Amino acid sequence: MKKLSILIILLVAINVSAQEAYFTSYNFIVEPSQQNTVVKLISDYFTANKTEGVTVSLWENHFNDPGNNFTHMIVFSGSLDAMGNQYSNDGGAEWMLFMTQINQHIKDGFSSSMGRRLASWGDMEASYPVQNYYIVQVENSNTFRSAYEKYQSSAVRKGWMNMYGTFTTGVGPDGGSHWVITGHKDFKSAMGGSSAVLTESEKKTRDKAWNTFRETNGGAELVRSGTRVMLGIW
């Protein structure tokens with residue numbers, strides 16, 4: 025696959041204050057010996073040249089399956105106006121120099137996508153550098169949205185966040201209409217999940233709500249999952 029030749033990633037580090045936001049993501053492959061150089065190039069460029077209102081985040085794709093084994097992802101997120109402003113600007117000479125430099129250190133491109141965040145729960149101002157992500161194929165979007173938002177709105181949250189949304193383009197042959205991300209402050213929290221911190225009573229309430237969600241979501245199938253680790257945010 026050809027190397028990055030446009031804005032550089034999956035998923036979503038959508039850290040804007042509004043519930044609904046937009047994102048583009050670009051996934052790519054970097055050899056271990058080149059990672060520090062790539063991180064520095066991205067950090068230097070977006071520290072000086074980031075579009076106002078757009079959040080840029082860089083991630084390592086830490087746990088993944090063989091069909092999802094890119095090494096890194098970069099995500100751009102913000103309001104519709106802010107994202108529109110980013111893509112209407114060609115970046116000038118600075119952008120061309122950045123692309124020339126970074127393409128020398130990236131082994132290959134992998135995939136890209138575009139979509140929206142529909143809702144989030146938890147303290148979205150906190151940092152969640154370890155995130156479990158899930159790609160889901162949904163049969164009925166409206167039914168799924170109603171059931172999922174009801175479930176998440178009733179959930180007890182102790183130090184983690186959840187957000188979800190849809191893909192508009194970049195869906196692979198295996199499907200994947202929606203995405204879900206659960207953010208954690210460290211690997212211990214990501215590994216233990218809610219079961220490690222909830223009381224027995226809270227677990228029973230959670231399990232009951234989860235079963236109701238499964239029965240009322242209109243049909244949904246997990247396509248793939250993984251864990252990503254934040255390397256930088258600008």
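Heads up: the sequence shown runs through residues 25 to 258, numbered per this note's numbering.
C-beta: ideal position from N, C-alpha, C; glycine also.
Bear in mind that the values here come from a model prediction, so they are computed numbers and not experimental data.
Near residue i, which residues of its chain fall below 6 Å by C-beta distance, leaving aside the five closest residues on each side in sequence?
i    : result
S249 : Y158
V162 : F168, S201, H202, A244
Q110 : T75, V78
V180 : E226
R140 : Y46, G189, T190
T251 : H86, F87, N156
Which residues does DSSP list as the beta-bridge partners of residue i?
i    : result
N166 : Its beta-bridge partners do not exist; DSSP assigns none.
F87  : T251
R238 : Looking at the DSSP assignment, R238 forms no beta bridge with any residue, so it has no partner.
A45  : R141
F100 : T48, V80
Y111 : The partner list for Y111 (beta bridge, DSSP) is empty, contrary to what the question assumes.
Y188 : A143, V204
L246 : V160
Q59  : DSSP output for Q59 lists no bridge partner at all.
Which value, in whole angstroms, describes the spacing of the CA atoms of residue i and residue j?
i    : j    : result
E239 : Q155 : 26 Å
V247 : G77  : 32 Å
I257 : K227 : 34 Å
D68  : T95  : 20 Å
G133 : F191 : 19 Å
S219 : N186 : 15 Å
A171 : R230 : 14 Å
F87  : I66  : 22 Å
G108 : V80  : 15 Å
L142 : Y188 : 6 Å
G116 : V195 : 30 Å
K4   : K174 : Nothing about residue 4 can be read from this structure; the chain reaches only from 25 to 258.
V204 : G102 : 18 Å
V253 : W83  : 5 Å
G216 : L222 : 11 Å
V63  : G199 : 31 Å
W184 : N164 : 27 Å
F71  : F100 : Reading off the sequence, residue 71 comes out as Thr, not Phe. Taking the straight line joining both Cα atoms gives about 14 Å.
S137 : D89  : 18 Å
M123 : A106 : 22 Å
Q58  : W119 : 20 Å
S178 : S213 : 20 Å
N98  : S135 : Checking the sequence, you will find Ile at residue 98 rather than Asn. Roughly 11 Å between the two C-alpha positions.
E149 : L104 : 20 Å
S112 : T193 : 19 Å
Might you give, ordered along the chain, the residues of its own chain that have their beta carbon closer than 7 Å to the beta carbon of residue i, omitting 5 neighbours on each side?
i    : result
N241 : T167, F168, A171, Y172
E55  : K131
Q176 : W145, N186
D147 : M185
Enumerate in chain order the residues of its own chain whose CB-to-CB distance from residue i is below 8 Å, with the five nearest sequence positions on each side excluded.
i    : result
L255 : V63, L82, W83, E84, H96
The stretch 124-134 in contact with the stretch 202-209 per 3-pair CB rule at 8 Å | no
Contact between the stretch 45-54 and the stretch 80-96 (3+ Cβ pairs under 8 Å) = Yes, they touch.
Report the residue ranges of all beta strand (DSSP E) runs contained in full by the stretch 194-234; include only those spanning at least 3 residues, in chain order.
-> 202-208
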